[in-house]
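*Asks:*
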Amino acid sequence: MIPVKQDQEIEITIEGYGHEGEGVGRFQDFTVFVPGALKGETVQVRVALVKKAYAKAKLVKVLNAAAERVTPNCPIFNLCGGCQIQHLDYRAQLELKRQRVIDALERIGGLKDVQVHATIGMKDPWRYRNKVQYPVGVYKDKLVLGFYQQGSHLLVPVTDCLIQPLITNKIALKVRELANEYRLSAYNEKTGKGLLRHVLIKTAYITGEVMVVLVTNGDYFPVGPRIARDLAAAFPQIKSVVQNINRTRGNVILGDKNQVL
Numbered sequence: 579m580i581p582v583k584q585d586q587e588i589e590i591t592i593e594g595y596g597h598e599g600e601g602v603g604r605f606q607d608f609t610v611f612v613p614g615a616l617k618g619e620t621v622q623v624r625v626a627l628v629k630k631a632y633a634k635a636k637l638v639k640v641l642n643a644a645a646e647r648v649t650p651n652c653p654i655f656n657l658c659g660g661c662q663i664q665h666l667d668y669r670a671q672l673e674l675k676r677q678r679v680i681d682a683l684e685r686i687g688g689l690k691d692v693q694v695h696a697t698i699g700m701k702d703p704w705r706y707r708n709k710v711q712y713p714v715g716v717y718k719d720k721l722v723l724g725f726y727q728q729g730s731h732l733l734v735p736v737t738d739c740l741i742q743p744l745i746t747n748k749i750a751l752k753v754r755e756l757a758n759e760y761r762l763s764a765y766n767e768k769t770g771k772g773l774l775r776h777v778l779i780k781t782a783y784i785t786g787e788v789m790v791v792l793v794t795n796g797d798y799f800p801v802g803p804r805i806a807r808d809l810a811a812a813f814p815q816i817k818s819v820v821q822n823i824n825r826t827r828g829n830v831i832l833g834d835k836n837q838v839l
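Residues in the sequence shown are numbered consecutively from 579, following our numbering.
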């Protein structure tokens, strides 16, 4: 018999982590996954989903916080689905990754007593990504770039992603500005209408050169060359602006056709 039901509030102790960094605990020997909870914590949670073998719950209150719990630097961490364990101390994050490798080798590979070296971390674990893909949407009647909330396609507008280089964030804001200036429509997944679907920005750390890709819902993009010109004028680091054409309905970001603007 399943010991929990939806919307029930229970108290559990987190014993480990799931595949996506969520806390894992047990209630009367029944597995419960809790995003935002850390190993060793006692937490109060509200059951959100019940399956035959497990349940998913939302964190209501941390009753006994782990020593490794930190305040996330990102102001939208609790909304954005891009990062899962910013609330975990960086050194503990590295150990979690090492343990993930051990678990995979032992549980999936069938190996025993696997020795895995400590994860090599960064001196500064921020601003390190060299590529970002922003979905495009509408917020307060304006076209915006952002990221999806975890487990959904609800867009969270973003102005500064802390794991992206500063130049990437500045270019993204300029793209947003130009898209609204030229009155581009944002693609709507439900209707299949709208022009701009995604914005991809890739940075070369050695050279500092940047590529911008504007993913459109069709070939017709008469203002594309003007947007490319305006971007290059504002940021000399931009060496190419590419239109990628994706007419498919679904979650695939890039289409098969590209043209340099």
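Beta carbons are placed, not taken as given, at the ideal position from N, Cα and C, and that holds for glycine. Only a predicted model underlies this, so the values are computations on that prediction, with no experimental measurement involved.
1) Whole angstroms are fine: how far does the CA of K752 sit from the CA of L762?
2) Compare the Cα-Cα distances from G770 to each of V777, T794 and V722 and report the closest residue.
3) May I ask which residues mark the beginning and end of the alpha helix (DSSP H) holding N747?
4) Thinking C-beta only, is V788 closer than 7 Å to I831?
5) How would you write the range of the beta strand (DSSP E) that K720 sits in, first residue to last?
6) Applying the criterion that 16 or more other CB atoms from any shown protein chain within 10 Å of the CB defines a buried residue, is N829 buried or exposed?
7) Measure the alpha-carbon distance for Y712 versus Q727 and round it to whole angstroms.
8) Pick helix, strand or coil for I823, following the three-state DSSP scheme.
9) Name, in chain order, the residues that DSSP records as bridge partners for G594.
10) Specify, as a first and last residue, the run of the alpha helix (DSSP H) that R807 falls within.
11) Do you know how far the Cα of N708 is from the Cα of T841?
12) Start and end of the alpha helix (DSSP H) containing Q671?
13) Assign L627 to one of two classes, buried (16 or more other C-beta atoms within 10 Å of its C-beta) or exposed (fewer than that).
14) I'd like the list of long-range same chain contacts for P650, defined as Cβ closer than 7 Å, with 5 residues on each side in sequence excluded.
15) Report the three-state DSSP secondary structure of I588 (helix, strand or coil).
16) Could you check what DSSP says for R685 in three-state terms: helix, strand or coil?
17) Answer with buried or exposed for E587, where buried requires no fewer than 16 other C-beta atoms within 10 angstroms of its C-beta.
18) Using C-beta distances below 8 Å, list every residue in its chain close to L740, excluding the 5 sequence neighbours before and after it, in chain order.
19) So what's T697 in DSSP terms, helix, strand or just coil?
20) From the DSSP output, read off the bridge partner residues of H776.
21) Determine the direct distance from the alpha carbon of R647 to that of A670, and round the result to whole angstroms.
22) Which residue wins for smallest C-alpha separation from I779, given the options I745, I805 and G802?
23) Out of F725, E589 and R754, which one is the CA nearest neighbour of V625?
24) List the DSSP bridge partners of Y798.
25) Taking the beta strand (DSSP E) that Y632 falls in, what are its first and last residues?
26) In this structure, how does DSSP classify C661 when only helix, strand and coil are distinguished?
27) How many angstroms separate the CA atom of G715 from the CA atom of A764?
*Replies:* Concretely, from the data shown:
1) 14 Å
2) Ranked by how close their Cα comes to the Cα of G770, the residues V777, T794 and V722 have T794 in first place.
3) L744 to E759
4) no
5) K720 to Y726
6) exposed
7) 13 Å
8) I823 falls in the strand class under three-state DSSP.
9) V602
10) G802 to A812
11) In the structure as shown, the chain starts at 579 and stops at 839, and residue 841 therefore has no counterpart that could be examined.
12) Q671 -> alpha helix (DSSP H) spans Y668 to D681.
13) exposed
14) Q664 and H665
15) Correct three-state label for I588: strand.
16) helix
17) Looking at its Cβ environment, which holds fewer than 16 other Cβ atoms inside 10 Å, E587 is exposed.
18) Contacts found: N651, C652, W704 and R705.
19) coil
20) Note: H776 sits in a beta bridge opposite P713 and V793.
21) 9 Å
22) I745
23) Among F725, E589 and R754, the Cα nearest to that of V625 is on E589.
24) Paired residues: none, contrary to the question.
25) Y632 to N642
26) coil
27) 5 Å
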